[in-house]
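Some notes on the structure that comes next.
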Amino acid sequence: MSEEVMNGLKKDYLYSLILKNQRADGRDFEESRDIVIKTNIIEKAEGSASVKLGDTYLVAGIKIQPGTPFPDTPNKGVIITNLELIPMASPNFEAGPPGENAVELARVVDRGIRESHSIDLKGLCIVPGENVWLIFIDIHVIDDGGNLMDAACLAAIAALLDVTVPAKKYGIGEDFKLPIRDIPIAVTAVEIDGSIVIDPSIDEGRIAGAKLTVTSNIDGSISAMQKSGVGLFTPEQINYVADVAVRRSEELREKFLEL
Amino acid sequence: MSEEVMNGLKKDYLYSLILKNQRADGRDFEESRDIVIKTNIIEKAEGSASVKLGDTYLVAGIKIQPGTPFPDTPNKGVIITNLELIPMASPNFEAGPPGENAVELARVVDRGIRESHSIDLKGLCIVPGENVWLIFIDIHVIDDGGNLMDAACLAAIAALLDVTVPAKKYGIGEDFKLPIRDIPIAVTAVEIDGSIVIDPSIDEGRIAGAKLTVTSNIDGSISAMQKSGVGLFTPEQINYVADVAVRRSEELREKFLEL
Amino acid sequence: MSEEVMNGLKKDYLYSLILKNQRADGRDFEESRDIVIKTNIIEKAEGSASVKLGDTYLVAGIKIQPGTPFPDTPNKGVIITNLELIPMASPNFEAGPPGENAVELARVVDRGIRESHSIDLKGLCIVPGENVWLIFIDIHVIDDGGNLMDAACLAAIAALLDVTVPAKKYGIGEDFKLPIRDIPIAVTAVEIDGSIVIDPSIDEGRIAGAKLTVTSNIDGSISAMQKSGVGLFTPEQINYVADVAVRRSEELREKFLEL
Amino acid sequence: MDKPEKFIIDGIRLDGRKPDELRPMKIEVGVLNRADGSCYLEFGKNKVLAAVYGPREVHPRHNQKPTTAVVRFRYNMASFSVEERKRPGPDRRSIEVSKVSREAVEPMIFTEYFPKSAIDIFVEVLQADAGTRTAGINAASIALADASIPMRGLVSSCAVGKVDGELVLDLMKDEDNYGEADMPVAMTPDGEITLLQMDGNLTREELKKALEMATEGCKQIYKLQREALIGRYKKELEEHKEDVELVETITESEETSIESTTTVNIDESGGLDDE
Amino acid sequence: MDKPEKFIIDGIRLDGRKPDELRPMKIEVGVLNRADGSCYLEFGKNKVLAAVYGPREVHPRHNQKPTTAVVRFRYNMASFSVEERKRPGPDRRSIEVSKVSREAVEPMIFTEYFPKSAIDIFVEVLQADAGTRTAGINAASIALADASIPMRGLVSSCAVGKVDGELVLDLMKDEDNYGEADMPVAMTPDGEITLLQMDGNLTREELKKALEMATEGCKQIYKLQREALIGRYKKELEEHKEDVELVETITESEETSIESTTTVNIDESGGLDDE
Amino acid sequence: MDKPEKFIIDGIRLDGRKPDELRPMKIEVGVLNRADGSCYLEFGKNKVLAAVYGPREVHPRHNQKPTTAVVRFRYNMASFSVEERKRPGPDRRSIEVSKVSREAVEPMIFTEYFPKSAIDIFVEVLQADAGTRTAGINAASIALADASIPMRGLVSSCAVGKVDGELVLDLMKDEDNYGEADMPVAMTPDGEITLLQMDGNLTREELKKALEMATEGCKQIYKLQREALIGRYKKELEEHKEDVELVETITESEETSIESTTTVNIDESGGLDDE
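Residue numbers (this note's numbering), protein chains in the order written: chain A, 3 to 261; chain B, 3 to 261; chain C, 3 to 261; chain D, 16 to 290; chain E, 16 to 290; chain F, 16 to 290.
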């Protein structure tokens, strides 16, 4: 009960701030929290990255091994994206197979990478119909500080940029860097009492009505979108978020030059 | 609690009717409810049928694809029968893997078809020991109005009669109609307060002591029987139900001439 | 509640006995309960044994069939050890996949056999990298009277000694006795109020702080150890239990000459 | 089918539709006995059933919410609904579709009226041909109304896609398989968005136009949904002759208002697509 | 074994039995310590254990029934009980066998004496050779009595099958594999049927005769079950010398009544078969 | 790597360590925001995270213990932590490691202070290189302290193994793969044993010596754990300037007592190994 009272108070407080064009951590509505990306943190993985986005912390590891292609794409490599909301990361997460939130996060990350054609899957064919490179993207959420979506997308693409395909180990020629052709960046916004704020903190995420993630590419086009949450957007709000997301993704993409 | 009171009242009412040789819907003890069978309702399935038996409604779909035979029957096709009591069909059904009722239904349907040698499994061998036709019978219960067993058996055999084996699609010769050699029909009776009634409604099924399903063939022989429910039958009752079932199955079999 | 009161009283009683250097069933601290081992009790298994250890009763069955070796040991047979705490054996066991106790028991049994090199796994290779003998050790706990670990280890090794490899059945030469090179014996001790007692009864196991299993070989060396339970041992206690275990295992090993 | 060279020839799509045309849609309300509300819906070759149970008790109890109803949505594909037999049970795709579908209809339900209880929505796909999630949402929305669940309004759903570089409404299977973008949308009668997903490639200008096309598509569907519910209502009334006089007045005026805003009818209007 | 040409030669079956003869049966009562009641039963090459716990508390509580006990029955085959190793855990066959076995014994239990509680019956098949479900039901029935669960009577079970076109009692493995019908039956002492399954092919006349044969088989088994329980009862009494005098009178009279109706004994009587 | 001919040459191991030397260890306390206590720990190439939540409510309630807290321990390996990708979710090995790890730390927790509640310990292995369970226990012990869970003392853990017939402290991966014995141990500050596992081959004399080596190893680790916690404590104090004066006195005297018993520091001391 007292927890519900607290949540009510917190909600009222955040609402009152929004009315005054303010956020609890002093950010502007279009401002992200600080981001720290580190790559090559797990030597045993073929690629890896950790992302800190404000209080959110997660790790992505890429494992690569040869395997059978899907029957309908015999000459293409395979991407398998998995995300776990391990109970370490939040009192709200439980052990067990991925629930709907983890599945949604993994699938939106996957679509962003896949639909931007970021990875040249045809370049990952070894023997057509028989042997291709399987790319396992595993994202481990360690600390849930809100907006896991953007952090997960950043970690996935950062880890992919770090990948060396271990061809030699399997006797399939020389090792080579995974060719990455685009850097899709996801930007998430939420609607709170009619206002739109970018990169919601965990408390903002909790009181938000609807959430929208827009993943955009180097050329400014959009490769994935996902609305979630029990709430509504007007078409105008969608277009506004898309604009902000494309702008913001350009700034974030510069992060990757630093790596 | 009030639900239990209602159930008690309903039980008393149905019992009192039975004593007067009556049923709640006016049927005779040996009378089935109306049956409507439609076939070829799912174009993407190789065979399909819906069955309405009174308030009960279910759909069977047959998918056929080549696959490996069982090691002990290398030159025979394979039947896999599955039935789902999806939560749409009744407030008493829950999502998840099939429970004991669904498993029992599927297995009795399967035995009726298998033991009547309705399908010529030897005719479904492609390459002995390597490749045979797999026949997946999937039964989807949509609306539980009682006596799912008889409806499920009808739907399965009706869908099988509708099957065209898609040989061409897999480059294995020309498409052909699945050869059906018998039309096994299941008839279920329940014991209520010493009386035997055929094709129980959902309320009759609920208050019944024991239930007996008899699946019989064109030649009047029996290919499967299953007693279920916490109750008893005398041998005389069993023989009586068998007689009624064989008679009734002959009437029902005529339905299939209409298809 | 009353059950907890009873448990409290039982605990006090057993504690008071221990203080007087006594056990509820009159045994010395280093004394095991009676053991009855029977082999070849399941004709359909390639090897089998039942073990009664006091009130504890369990059955081990060995099934052997050809299969694929592990990639990293292409010329070795495979041991798979499984143990089930079926709900028949105790009011505390539940149906379902093995829990942590069953997994621990199976793994300690497995390690004792594996690490003593009791089975010559290289002698179980049929075609290197392709076909080897798979040895399934399945242990069924029927009646939990305490100290399942020692009973399970005894049953496993007794059943292995009973094995005839069914080579003829699979057209791979003549049947042969499974060559067993060592007889690892597990001895378990528990700490109760500072004292160490061997082969705990179920009540002793329940009130014990910590438990230690030591599996030793013909040459007096140790092949597996496992401390379990929420309690502590001093290094001296560990060494003491190891000494007792090696001594006791020599006595038990003589049991196998009787088989 | 292999990829065709062109999807739009002289402004006409492979199945004869114009770029902004929906597939035919057929709606039957109240088709199930046990469920509190139900709907069978076909559009194009999609065939879906929706059922609603509730408000009803929540088991186990710790899943209850003290101040609102819990809305649960289970989207499921029958094993025989697709080309290759699908293994029964939920996969990752259906888990995601269930989640976004729930979030598409839940904003319209007065959940605050039913604290501690559950409203269960079940969608079964009997045949799939691109657009099953939008079909399911359309059917669920009607089933909710049929179950007399108090709602702010019906939700309508369709997809906009891109083929041959051109935006088209309501992708059918081949357009979906080889198309350049797919964007399922669900909307309130006021044009507010409750579902939005997209994969593929859209410029910001295309997104803007796509949202406008989706709005038009959802409007057409809304009218079909409303028509179907009124049809159901009239049928019920006819079964209670004594009430007919009063009712006719009501329904006629309703019908008039419909006819004044639409010329769509079941045969010539369209369907939905969402993947 | 490959299919033999004939299963019955000169009225004798492959294992030497007459068509209406059961396999040998061996019964031990009260073999387990932890269970409230138990029974080890062999017949033919089948070896099964049954254990009963209860009446005891039901977890989770919403599985309780307010006016009767819940009866639960778990039939399980050990991995090593069959030719090819069986994966541990329930499969579809064992789920069905558990259900019909529960329904075979539950009608005889006074469940109304123990509202809100559970009676748990566990059957473990240690070795299987056709007829495990009937073996399990026979053993379960004895274990229930051993656990002092109030019952209307013991349930007895055996199968009737058809080989070479002839009805035979209690199929063994080869008869089951290649036979033309298999019909496991369970009966009350009054000859009422609590379990009946059949697959294969029977005419109505054969069914009638098969039920008669099953009735005879079950009668024989009932006597063996009763004998085993009395044996157990006497043994217990011997362990309480002070009560012996009173008891001997009782048991002698019981035994007399048995001997008057049967000449079967453990070695020359038979077993059961149900699949 | 293939098996090397010798693991110890002139008293030096393949990675340059002496037989009784631990791998380098790095400890960071309080690295997570959501958890009540946390620790990141590297030793050798192992990288593990530990988090503690609690005391907190137990769901479902029938898992509560009326007089003590329930301690739960989940050891989990990330899919990318090992050479071949590991399937997500618990396997038999991680179930066993979770159990013995819980039993390694639980004896030190004052569980009786928190009846009906749960203390949850989560260990995630981000990179594995032999010794992950001992690394996890060391990190968990610190995370428990960081969460202010009342404890009798810290638990410290390392393994002793046998290679080339010689006992060595803290096996690294290659020594573990080809070694003759592996014995992970966890100890209280008083040298009492809370975890002990062994597989391989040890004589009774070797066991005795191995326990002595483990005791020395755990002592060294204990000091590193204590140092890390004091570092964390000081940092917190610095963030609360007003309290500094009082505190400095305390921590200085603490530090002195540490320096008087150890010369180990983070860079030159070692790690742990348990498999």
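Glycine residues also receive a C-beta, built at the ideal position from the N, C-alpha and C atoms.
Query                                                                                                                                                           : Result
At a cut of 8 Å, does the region 215-235 of chain A reach the region 115-124 of chain A through at least three beta carbon pairs?                               : yes
Using the rule of at least 16 other Cβ atoms within 10 Å of the residue's Cβ for burial, across every protein chain shown, is N94 of chain A buried or exposed? : exposed
The beta strand (DSSP E) spanning E86 of chain C covers which residue range?                                                                                    : V80 to L87
Once DSSP output is grouped into helix, strand and coil, what is the label at I115 of chain B?                                                                  : helix
Just to confirm, is the Cβ distance from V143 of chain B to L87 of chain B under 8 Å?                                                                           : yes
Taking just the CA atoms, how far does L16 of chain A sit from F31 of chain A?                                                                                  : 13 Å
List, in order along the chain, the chain I residues whose C-beta lies closer than 7 Å to that of N48 of chain F?                                               : No chain I appears in the structure shown, which is made up of the protein chains A, B, C, D, E and F.
Run the CB neighbour count on L11 of chain C, radius 10 Å, all protein chains shown included, and call it buried at 16 or more, exposed below.                  : exposed
Does DSSP put S171 of chain E in a helix, a strand or coil?                                                                                                     : strand
For chain F, is any of its Cβ atoms less than 8 Å away from the one on S251 of chain C?                                                                         : no
Quick one: grab the DSSP three-state call for E220 of chain E.                                                                                                  : helix
Looking only at its own chain, which residues have a Cβ that is under 7 Å from the Cβ of N149 of chain C, when we skip the five neighbours before and after it? : L55, T58, T190, D201, P202 and G207
Under the three-state reduction of DSSP, which class applies to E20 of chain E: helix, strand or coil?                                                          : coil
Using DSSP's beta-bridge definition, name the partner residues of R249 of chain A.                                                                              : None; R249 of chain A has no bridge partner.
Output, in chain order, the set of chain D residues within a Cβ distance shorter than 7 Å of I240 of chain A.                                                   : I208, L211 and L226
Tell me whether T230 of chain E sits in a helix, a strand or coil according to DSSP, three-state version.                                                       : helix
Count the CB pairs spanning the region 163-180 of chain C and the region 35-52 of chain C that are closer than 8 Å, and state whether there are at least three. : yes
With three or more C-beta pairs closer than 8 Å as the rule, is the region 47-67 of chain F touching the region 160-171 of chain F?                             : yes
DSSP state of G148 of chain A, grouped into three classes?                                                                                                      : coil
So, do the region 30-46 of chain D and the region 232-248 of chain D have three or more beta carbon pairs nearer to each other than 8 Å?                        : yes
Listed in chain order, which residues of the region 112-125 of chain B have Cβ atoms closer than 7 Å to some Cβ of chain E?                                     : R113 and E117
With a Cβ-Cβ cutoff of 8 Å, do P122 of chain F and V232 of chain C count as a contact?                                                                          : yes
Give the straight-line distance between the Cα atoms of I139 of chain B and P130 of chain E, rounded to the nearest whole angstrom.                             : 41 Å
Could you tell me whether any Cβ in chain F is nearer than 8 Å to the Cβ of Q228 of chain C?                                                                    : yes
Could you check how far apart the C-beta atoms of I137 of chain C and A158 of chain C are, in whole angstroms? I think they sit under 8 Å.                      : About 10 Å separates the two Cβ atoms, so there is no contact after all.
Mind checking whether N192 of chain F and S172 of chain F have CB atoms under 8 Å apart?                                                                        : no
Below 8 Å, how does it come out for the region 81-97 of chain D and the region 175-188 of chain D: are there three or more Cβ pairs, yes or no?                 : no
Check the DSSP bridge columns for S163 of chain E and list the partner residues they point to.                                                                  : S163 of chain E is not bridged to any residue.
Could you pull the start and end residues of the beta strand (DSSP E) that G49 of chain A belongs to?                                                           : G49 to L55
Considering F207 of chain A, what are the terminal residues of the alpha helix (DSSP H) in which it resides?                                                    : For clarity, residue 207 of chain A is Gly in the given sequence; the question names Phe instead. Taken as a continuous stretch (DSSP letters only), the alpha helix (DSSP H) holding G207 of chain A covers I204 to I209.
Pick helix, strand or coil for E212 of chain E, following the three-state DSSP scheme.                                                                          : According to the sequence shown, residue 212 of chain E is Gln rather than Glu. Q212 of chain E falls in the strand class under three-state DSSP.
Pop quiz: A65 of chain F and I136 of chain F are said to be a contact at Cβ under 8 Å. What is the actual Cβ separation, rounded to whole angstroms?            : 7 Å
For a test of the three-state rule: what should DSSP assign to H74 of chain F, helix, strand or coil?                                                           : coil
Below 8 Å between beta carbons: does that hold for G176 of chain E and A196 of chain E?                                                                         : yes
Looking only at its own chain, which residues have a Cβ that is under 7 Å from the Cβ of F72 of chain C, when we skip the five neighbours before and after it?  : V80
Which same chain residues end up closer than 7 Å to I182 of chain A when comparing Cβ atoms and leaving out the 5 residues on each side of it in sequence?      : S120, I121, L162 and L163
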